[in-house]
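Comments concern the structure below.
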Ligand code: NAP
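Residue numbers (this note's numbering): 40 to 361.
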């Protein structure tokens, strides 16, 4: 009997074919709507493998319904949407897609940093709405990137790729991490700093940690108050790491200069969210890893993890010991 798997969104045809060669596949076909909870509750009962996205909340209550589930393959590197402890308790592997999205996400993070510093979106809107009357010395002036100080919170795979890019811009690079990264210090000339010093000294602060109990609201009112008035905060990690109410106040009161956000506490973000009313915020709809090549690679890696899990092997990218 071929193992049963459920895929919670349409994936590239070539990846679907690979999974279908070994598994009995059912898939949620709608592109723009996540699988409803009641459908997932029904499906999870009799499947051996689940291929899911960060839009699905895989909590203990849902996992209690699973009778034969062996693997939950998340098509993302972050897996804060899954109760890993509950899965482990039930002997279910949880897997992610690390590595294949590192450079693409670092590219987007740097793009967001540059767009925010140089007011790219605001300037483009200014032109399109017919406000451009003449060249003017201080018109739409931004912040220098070249030679500035970049503070990276979370010196993991993406953090290090960001440092690599920043080095080309002659930036001084500070980092804060749970553990020291001595190899990266040597390779990229980065300096370890405690969180408060990093916040005080950086012109740009990039948040690159996973979203965990420990990092929830890591950047709140106190932390934002430590930053320079001219500083820019970039978050392409996860929404809950930065307290949005505190960020709104800090931006409104000019405690910091601007922010670039790819992620939000609630996604999709409410179009009436206060942060979206501020001109000094550049916002994106969680597209860090969204290149054609990388999304294809992520789907393939998630498929490989799924197949390994349902075939009784230990998946290559497991995040738990089931
Ligand atoms: P990673 O290699 O696991 O790096 C995470 C780093 O954060 C590690 O170096 C870790 O330190 C550090 N860290 C963890 N908790 C910390 C804390 N409390 N204080 C300081 N540092 C802490 O992960 P990655 O591949 O770089 O990805 C990072 C995150 O980016 C993912 O978890 C995901 O949520 C997010 N992401 C977003 C997008 C997007 O589309 N916007 C795309 C990809 C990833 P240790 O080494 O000491 O544990």
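Note that the Cβ used here is the ideal one computed from N, Cα and C, for glycine as well.
Nothing here was measured: the structure is a model prediction, and the numbers come from that model.
Extent of the continuous alpha helix (DSSP H) run through residue 149 | As a first step, residue 149 must be located in the chain shown, where it is residue number 110. Per DSSP, residue 149 belongs to the alpha helix (DSSP H) from 141-156.
Could you round the C-beta distance between residue 181 and residue 243 to whole angstroms and report it? I think they count as a contact, below 8 Å.
-> Translated into the one-based positions of the chain shown, residue 181 becomes position 142. Translated into the one-based positions of the chain shown, residue 243 becomes position 204. Wrong, their Cβ atoms sit about 12 Å apart, outside the cutoff.
Give every residue of the same chain whose Cβ lies closer than 6 Å to the Cβ of residue 186, excluding the five residues on either side of it in the sequence, and list them in chain order.
-> For the purposes of this step, residue 186 is taken as residue 147 along the chain shown, with counting starting at 1. Once the five neighbours on either side are set aside, the close Cβ partners of residue 186 are 209.
So the alpha helix (DSSP H) residue 287 belongs to, where does it begin and stop?
-> Here residue 287 corresponds to residue number 248 of the chain shown, with the count starting at 1. Here the alpha helix (DSSP H) through residue 287 covers 283-291.
Whether residue 43 touches residue 87 by CB criterion (7 Å) = Locating residue 43 in the chain shown gives position 4, where the first residue counts as 1. Locating residue 87 in the chain shown gives position 48, where the first residue counts as 1. Yes.
What residues match up with residue 189 in a beta bridge as DSSP calls it?
-> Residue 189 sits at position 150 when you count from the first residue of the chain shown. Paired residues: 212 and 243.
Residue 276 to residue 354 span [Cα, whole Å] | For the purposes of this step, residue 276 is taken as residue 237 along the chain shown, with counting starting at 1. For the purposes of this step, residue 354 is taken as residue 315 along the chain shown, with counting starting at 1. For residue 276 and residue 354, the distance between alpha carbons rounds to 25 Å.
Does the Cβ of residue 184 lie closer than 6 Å to at least one heavy atom of ligand 1?
-> As a first step, residue 184 must be located in the chain shown, where it is residue number 145. Flag unset: Cβ of residue 184 not near ligand 1.
Residue 179 to residue 154, Cα distance in whole Å?
-> As a position in the chain shown, residue 179 is number 140, starting the count at 1. As a position in the chain shown, residue 154 is number 115, starting the count at 1. In a straight line, the C-alpha of residue 179 is about 12 Å away from that of residue 154.
Under a CB-based cut-off of 7 Å, is residue 97 close to chain B?
-> Of the chains in the structure shown, none is chain B; there is only one protein chain.
Residue 321: CB within 6 Å of a non-hydrogen atom of ligand 1 = Reading the chain shown from its first residue, position 282 is the one you call residue 321. Because no heavy atom of ligand 1 lies under 6 Å away, the Cβ of residue 321 does not count as near it: no.
Please list, in chain order, all residues of the same chain as residue 212 whose beta carbon is under 6 Å from its beta carbon, the five residues on each side excluded.
-> Taking the first residue of the chain shown as position 1, residue 212 is located at position 173. Only 189, 202, 205 and 229 meet the Cβ criterion.
What residue from 196, 241 and 200 has the CA that sits closest to residue 249's CA?
-> In the chain shown, the residue the question calls residue 249 occupies position 210. Minimum Cα distance to residue 249 is reached at 196.
Find out if the Cβ-Cβ distance for the pair residue 326, residue 246 is shorter than 7 Å.
-> Locating residue 326 in the chain shown gives position 287, counting from the first residue. Locating residue 246 in the chain shown gives position 207, counting from the first residue. Against a cut-off of 7 Å, the Cβ pair of residue 246 and residue 326 comes out as no contact.
Using DSSP bridges, identify the partner residues of residue 64.
-> Here residue 64 corresponds to residue number 25 of the chain shown, with the count starting at 1. Per DSSP, 44.
Which residue comes first and which comes last in the alpha helix (DSSP H) that contains residue 335?
-> Residue numbering aside, residue 335 sits at position 296 when the chain shown is read from its first letter. That run of the alpha helix (DSSP H) goes 331-349.
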